[in-house]
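Visitor: For the sequence shown, the working numbering assigns the number 531 to the last residue and increments by one with no breaks. For each residue, glycine too, the CB sits at the ideal point set by N, CA and C. Sending over a structure as structure tokens; questions will come in a sec.
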Amino acid sequence: MDQDLNRPSVAKWLFLHVVPAILMLVIASGAVFGLAIALKKPPETLPAEKILPAVDVLVVQPTTHTISVESQGTVEPRTQTTLFAEVSGRIESISPALYAGGFFKKGDILATIDDTDYIANLASARSRYADANLAYQQELATSAQAQEDWKALSNGETPTDLVLRKPQLARAKSNLEAAQAAVASAERDFSRTVVKAPYNGRVQRKFVDVGQYANARQSQIASIYSVDTAEIRLGLSLQDTQLVRVPETYSDGSESGTRPGVTIKSIYGGEEYSWRGTIDRSEGAVDPMSRLLYIVAQVDDPYGKDPSGERPPLKVGSFVTAEIDGAKLQDAYVIPRRALRENDTLFIIRDDSTLEIRPVTPIQKTTEITVIQGQLSPGEKVCLTPLQYVVNGMEVILPDEESAN
């Protein structure tokens with residue numbers, strides 16, 4: 127009974143003495159923790175490191191530069207001919223040069239046709255000519271005698287043409303002229319039994335051999351081409367025509383422009399060889415499909431032996447590249463093609479190592495170089511390194527600065 131009466135007093139004691147002590151301990155711990163936080167030294171903040179792109183540059187200087195315009199084409203002969211038999215007959219002989227690839231000179235006999243019938247025809251024509259000439263001479267004498275007789279016997283009357291034998295004389299003269307023409311025709315046919323080369327050339331293909339029968343104007347003897355000059359048809363864009371003064375011919379026969387030099391290059395057996403030539407003419411019309419103007423380059427003696435003996439002939443049918451001599455520019459800047467960026471801009475590195483994006487107007491762009499006139503100053507540095515993200519004024523590091531760091 128007494129224990130039950132003491133329980134409220136114990137609880138009261140705990141509330142009055144223990145609970146306040148616990149609260150004071152919690153408050154003190156919080157104060158100590160807060161003070162520690164307040165007195166803790168903040169971490170040291172390091173400045174962010176600036177990473178700059180390293181670039182290679184080209185220090186540009188003006189120079190005298192000759193523009194070279196590139197094109198390509200196929201070597202063709204200046205003259206190409208298919209020889210036909212001009213008279214009919216059996217092929218009697220052919221030249222040792224009459225084979226694919228054989229060379230010949232102008233006037234060389236390439237083939238002969240049996241001339242037996244043509245010798246007989248010529249002899250017959252000459253005989254008829256002799257008869258006609260005799261008849262004409264006799265008629266001349268008879269006509270002259272008739273005129274003398276009329277003068278002696280007439281009483282001053284005017285003679286008729288028939289009395290003076292003028293119609294007979296005209297017929298005799300006409301017969302003589304026909305006989306003379308027949309002789310010329312027979313001589314021409316006889317001469318055509320010998321097929322001669324019309325120029326210095328080479329055989330592309332032979333179509334006949336000994337013993338075959340050839341029909342006049344139907345049977346092909348050979349396909350040949352000249353070797354004095356080779357031609358290459360080269361296409362130029364309208365922009366390139368401003369860099370090369372191609373020859374132009376006008377309706378009145380006058381000409382303008384020049385005949386610039388050209389270097390023809392071709393690869394044989396893995397080696398590149400070159401030939402010098404000239405631009406001979408312009409075809410005078412722009413191709414409606416490609417929008418190119420075609421000009422024709424010529425190379426003399428393409429099959430001639432090179433003094434060194436190492437260069438092969440410039441063969442017909444070869445695919446070649448051409449470098450055409452263009453205008454000579456003063457104070458031009460020639461820079462690598464890779465230095466030219468999108469939209470025809472250059473990255474110029476200033477003296478303070480900042481970058482400038484400078485638009486330029488190239489005179490010529492090839493796969494290897496870009497040619498600019500003006501728009502740069504001597505000693506300026508052009509960036510050669512490809513950069514992905516670029517803004518005007520951005521800082522870069524040059525090679526010497528990078529090594530110093």
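#1: Whose CA, out of 224, 187, 363, 492, lies closest to the CA of residue 333?
#2: In terms of residues, what are the limits of the alpha helix (DSSP H) holding residue 299?
#3: Measuring straight from C-alpha to C-alpha, what distance separates residue 284 and residue 297?
#4: According to DSSP, residue 358 sits in a beta bridge with which residue or residues?
#5: Distance, Cα to Cα, residue 317 vs residue 373?
#6: Where does residue 518 fall in DSSP's three states?
#7: For the beta strand (DSSP E) holding residue 331, just list the boundary residues, first then last.
#8: Can at least three beta-carbon pairs, one atom from the region 348-361 and one from the region 264-282, be found at a separation below 8 Å?
#9: Looking only at DSSP bridge pairs, what is residue 387 linked to?
#10: If you count every other CB in all the chains shown that lies within 10 Å of the CB of residue 487, and 16 or more means buried, which is it?
#11: The beta strand (DSSP E) with residue 235 in it runs from where to where?
#12: For residue 327, I'd like the list of residues in its chain whose CB is within less than 7 Å of its CB, leaving aside the five on either flank, ordered along the chain.
#13: Looking only at its own chain, which residues have a Cβ that is under 7 Å from the Cβ of residue 387, when we skip the five neighbours before and after it?
#14: Let me know if residue 448 comes out buried or exposed under the rule of 16 or more other beta-carbons within 10 Å of its beta-carbon.
#15: Would you mind listing the beta strand (DSSP E) stretches within the region 462-503 that are 3+ residues and don't spill past its ends, in chain order?
#16: Closer than 8 Å is the cut-off here; do at least three beta carbon pairs connect the region 464-483 with the region 516-525?
#17: I need the boundaries of the alpha helix (DSSP H) containing residue 269, first residue and last residue.
#18: Give me, in chain order, the residues of the same chain whose beta-carbon lies closer than 7 Å to that of residue 456; leave out the 5 immediate sequence neighbours on both sides.
#19: Would residue 315 and residue 255 be called neighbours here (beta carbons separated by less than 7 Å)?
#20: Could you tell me whether the Cβ atoms of residue 343 and residue 210 are closer together than 7 Å?
#21: May I have the straight-line CA-CA distance separating residue 185 from residue 474, to the nearest angstrom?
#22: Within 10 angstroms of its Cβ, does residue 127 collect 16 or more other Cβ (buried), or is it exposed?
#23: Are residue 489 and residue 423 closer than 7 Å when you measure CB to CB?
#24: Report the rounded CA-to-CA distance for residue 471 versus residue 370, giving the unit in angstroms.
#25: Decide if residue 241 is buried, meaning its Cβ has at least 16 other Cβ atoms within 10 Å, or exposed.
#26: Less than 7 Å between the beta carbons of residue 419 and residue 384, yes or no?
#27: Can you check whether the CB of residue 197 is closer than 7 Å to the CB of residue 440?
#28: Please report the distance separating the alpha-carbon of residue 395 from that of residue 436.
#29: Can you find the residues in the same chain that come closer than 8 Å, C-beta to C-beta, to residue 233, ignoring five residues on each side of it along the sequence?
#30: Could you name the residues that DSSP lists as bridge partners for residue 434?
#31: Within this structure, are the beta carbons of residue 217 and residue 365 separated by less than 7 Å?
#32: On the criterion of 16 or more Cβ atoms from any shown chain inside 10 Å, does residue 265 qualify as buried, or is it exposed?
#33: With a threshold of 6 Å on Cβ separation, who are the neighbours of residue 181 within its own chain once the five nearest residues in sequence on each side are excluded?
#34: Pick helix, strand or coil for residue 365, following the three-state DSSP scheme.
#35: What does the Cβ neighbour count give for residue 398, buried or exposed, with the cut at 16 atoms within 10 Å?
#36: Beta carbon of residue 301, beta carbon of residue 258: below 7 Å?
Guide: By the coordinates alone:
#1: 224
#2: 292-317
#3: 22 Å
#4: Note: residue 358 sits in a beta bridge opposite 201, 423.
#5: Cα-Cα distance, rounded: 42 Å.
#6: coil
#7: 327-332
#8: Counting Cβ pairs under 8 Å, fewer than three are found: no touch.
#9: 404
#10: exposed
#11: 235-239
#12: 230, 350, 351, 352, 353
#13: 402, 404, 451
#14: buried
#15: 471-475, 481-485, 495-499
#16: yes
#17: 242-279
#18: 190
#19: no
#20: yes
#21: 10 Å
#22: Confidence at residue 127 is low in this model, with a pLDDT of 45, below 50, so the placement of that residue should be treated as unreliable; the coordinate-derived value is given next. Exposed is the call here.
#23: Taking C-beta atoms as the reference points, residue 489 and residue 423 fail to come closer than 7 Å.
#24: 25 Å
#25: Buried, by the Cβ-count rule.
#26: no
#27: no
#28: 12 Å
#29: Answer for residue 233: 322, 323, listed in chain order.
#30: Residue 434 pairs with nothing; no bridge assigned.
#31: no
#32: Per the 10 Å Cβ criterion, buried.
#33: 509, 511, 522
#34: Per DSSP, reduced to three states, the secondary structure at residue 365 is coil, with no helix or strand assignment.
#35: exposed
#36: yes
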